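Okay, so here's the structure we're looking at.
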Amino acid sequence: MNIPRGRSSKFQPFWNEKLSIQRKKIHANRIEAERTEGKSPEELRLAVIEWRRERTKVFLGMYEIIEEEQAGFRNGMSTSSSVMKFVHAIKSGFNSGNSSLAVFVDFQGAYDTICKERFLSKLRGQGIEGRMMSWTKRFQTQRWVKTN
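Letter 75 of the sequence shown, counting from 1, is numbered 358 in this note's numbering, and no numbers are missing.
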């Protein structure tokens, strides 16, 4: 981008626009500083988490990364929305004489805060093996999943 030099009247609209943007940024920073003044480190940490969550929602929405069926990171959607869609699909299948299979897994932060080896050991102790164990171990260690 070419930035005009000098203060000639022909560049005045350019500078006015840039100054306006800069003033808005400064004002927003002041408001944010006032909002966080006097808050504990824990309150600030939670504010940063909320800010990240909101920015993630905006990013995923802008680039249409979220599937229509996904409830996470979407306003007005919740686990209940997904459950209602699921129940409707099961009932429709049942009425049509079809069978259904479902797997429920809640990943919200759980895998990031636990000892992976201990978790896998507990799963083995509960009798989890085969494909489910393999899938969980890959998810834990390599963060990729292959489904059939």
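Ideal Cβ placement from N, Cα and C applies to all residues, glycine included. Bear in mind that the values here come from a model prediction, so they are computed numbers and not experimental data.
Check your understanding: Would you report the Cα separation of R414 and K399, rounded to the nearest angstrom?
Key -> 18 Å
Check your understanding: How about S383 and I373: are their beta carbons less than 7 Å apart?
Key -> Yes, these two residues count as a Cβ contact at 7 Å.
**Study point:** Sequence-distant residues of its chain with Cβ nearer than 8 Å to L403 (five each side left out)
**Key:** M416, T419, K420, Q423
Check your understanding: With respect to the alpha helix (DSSP H) encompassing M367, which residues constitute its N-terminal and C-terminal limits?
Key -> 362-379
Point to revise | G408 - DSSP class collapsed to helix/strand/coil | key: Annotated three-state conformation of G408 is helix, per DSSP.
Practice item. Return the chain-ordered list of same chain residues with a C-beta closer than 8 Å to the C-beta of Q353, the five sequence neighbours on each side being excluded. Key: M360
Practice item. Would you tell me roughly how many angstroms separate the C-alpha atoms of Q425 and Q305, rounded to the nearest one? Key: Each residue's alpha carbon lies about 44 Å from the other.
Check your understanding: How big is the Cα-Cα spacing for V331 and H310?
Key -> 19 Å
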